[in-house]
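Please read the structure below before turning to the comments.
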Amino acid sequence: MSGILVTKATGTTGRHVVTGLAKRAVTVKAGSRNPSFAAQENIVPLAFDWENRSTWAPALDGTDAIYLVKPESDEVTHIVKDFTRLAETSGATKIVLLSEIAAETRADDAHERQVERVIEQSNLDYAILRPNWFMQDFIDDRFFGNLIREDGVIVMTTAGAATSWIDARDIADVAVELLLGEACGRQALTLTGPDALTLDQLADRVSAVAGAVVRPVEETTEAAEARLRSAGAPEQFIEYFSDIGRSIIKGDTALVTDVVASITGHPPHSLDEFLAEHASLLRRAEGV
Numbered sequence: 001m002s003g004i005l006v007t008k009a010t011g012t013t014g015r016h017v018v019t020g021l022a023k024r025a026v027t028v029k030a031g032s033r034n035p036s037f038a039a040q041e042n043i044v045p046l047a048f049d050w051e052n053r054s055t056w057a058p059a060l061d062g063t064d065a066i067y068l069v070k071p072e073s074d075e076v077t078h079i080v081k082d083f084t085r086l087a088e089t090s091g092a093t094k095i096v097l098l099s100e101i102a103a104e105t106r107a108d109d110a111h112e113r114q115v116e117r118v119i120e121q122s123n124l125d126y127a128i129l130r131p132n133w134f135m136q137d138f139i140d141d142r143f144f145g146n147l148i149r150e151d152g153v154i155v156m157t158t159a160g161a162a163t164s165w166i167d168a169r170d171i172a173d174v175a176v177e178l179l180l181g182e183a184c185g186r187q188a189l190t191l192t193g194p195d196a197l198t199l200d201q202l203a204d205r206v207s208a209v210a211g212a213v214v215r216p217v218e219e220t221t222e223a224a225e226a227r228l229r230s231a232g233a234p235e236q237f238i239e240y241f242s243d244i245g246r247s248i249i250k251g252d253t254a255l256v257t258d259v260v261a262s263i264t265g266h267p268p269h270s271l272d273e274f275l276a277e278h279a280s281l282l283r284r285a286e287g288v
């Protein structure tokens, strides 16, 4: 196999895809805006920027397969379409797209579904990965990290519905197997952890390792929208965030699948395993 390009190679899943492929003695092109991977035998760090199209062709030269994490842009559909066309003419044959759970249920004008359609309509062999919420969100300050450590809360819109959280490392393991396999099968796969937990159950699990009570805070869709608007969030993001909340309420995230085990040969990490491993990053801040 020729080289494999990993976009957003320093991201939550991308960095694990890079190291997973490298361990299998495959040449990995670790593409990112500011390459930070150290050059080594199987890893080739290179500049790849969705907003700088001059970086696309060099990254695709000699590339057979691609792990694609879509850009954060209002023009995401057009960008991915143009990139996919270039990938086809450059000789790539396979692409694994990181999407999100229940993307197939979103409106036709939703970016996440539009990007999936671009991949589906391409001439590439593809797999669309639709993972549930990442366990890494609990330690990420952009999501729950600060709220847990400083305020002792987890704020979500669920209406009592459950979520089967998944470890990003399991997503990466699935991607590695698909990228190295004979064929992706032109299919979409829903990836989940082994258990679906309600917000109350989730707070109990986090509290057990945080060394203090972490309270579940149920937020309505309307309250979440008002909070985001007061914080100056763009309307497009607010709409996307509301779609996520409605998807949870509908029960989309309560699904538990065996895809991780069937493709990788190992069961997905449990939430308890992940929380115990990262307990030091969940404990309440001193003096709080």
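Mapping of the sequence shown onto this note's numbering: residues 1 to 288, in sequence order.
Note that the Cβ used here is the ideal one computed from N, Cα and C, for glycine as well.
Quiz item: Looking at the structure shown, is D170 part of a helix, part of a strand, or coil, going by DSSP?
Solution: Here residue 170 refers to the residue found at position 170 of the sequence shown. In the three-state DSSP reduction, D170 falls in the helix class (H, G or I).
Exercise. Check S32 in the structure and name its three-state DSSP category.
Key: As a working mapping, residue 32 is identified with position 32 in the sequence shown. Residue state, collapsed to three classes: strand.
Practice problem: Count the other CB atoms, across all protein chains shown, that sit within 10 Å of the CB of S36; report buried if there are 16 or more and exposed otherwise. | Solution: Against the sequence shown, residue 36 aligns to sequence position 36. Result: exposed.
Quiz item: Can you list, in chain order, the stretches of the beta strand (DSSP E) that have 3 or more residues and sit fully within the stretch 180-251?
Solution: Listed in chain order, the complete beta strand (DSSP E) runs (minimum 3 residues) inside the stretch 180-251 are 187-191 and 215-218.
Exercise. Report yes or no: do the stretch 132-139 and the stretch 273-286 share at least 3 C-beta pairs separated by less than 8 Å?
Key: The stretch 132-139 makes contact with the stretch 273-286; the number of CB pairs closer than 8 Å reaches 3 or more.
Quiz item: Apart from the five residues on each side of it in sequence, which residues of its chain come closer than 8 Å, Cβ to Cβ, to D252?
Solution: As a first step, residue 252 is located in the sequence shown; it is residue number 252 there, counting from the start. Excluding residues within five positions, the ones whose Cβ falls inside 8 Å are I101, A102 and T105.
Quiz item: Between the stretch 193-203 and the stretch 116-125, do at least 3 Cβ pairs fall closer than 8 Å?
Solution: Judged by Cβ distances under 8 Å, the stretch 193-203 makes no contact with the stretch 116-125, as fewer than three pairs qualify.
Quiz item: If we ignore side chains and look at the alpha-carbon of each, how far apart do I154 and S99 end up?
Solution: If you number the sequence shown from 1, residue 154 lands on position 154. If you number the sequence shown from 1, residue 99 lands on position 99. Going by C-alpha positions, I154 is about 24 Å away from S99.
Quiz item: Would L271 pass as a contact of D195 if the rule is Cβ separation under 8 Å?
Solution: Taking the sequence shown and counting its residues from 1, the one referred to as residue 271 is at position 271. Taking the sequence shown and counting its residues from 1, the one referred to as residue 195 is at position 195. Taking the C-beta atoms as reference points, D195 is found nearer than 8 Å to L271.
Practice problem: Report yes or no: do three or more beta-carbon pairs, one from the stretch 146-153 and one from the stretch 109-117, lie closer than 8 Å? | Solution: The stretch 146-153, when compared against the stretch 109-117, does not touch it at the 8 Å Cβ threshold.
Quiz item: Taking the alpha carbon of V69 as the point to measure from, which residue in T19, S90, A92 and R130 has its own alpha carbon closest?
Solution: Along the sequence shown, read from residue 1 onward, the residue named residue 69 stands at position 69. Comparing C-alpha distances from V69 to each of T19, S90, A92 and R130 shows the shortest one belongs to R130.
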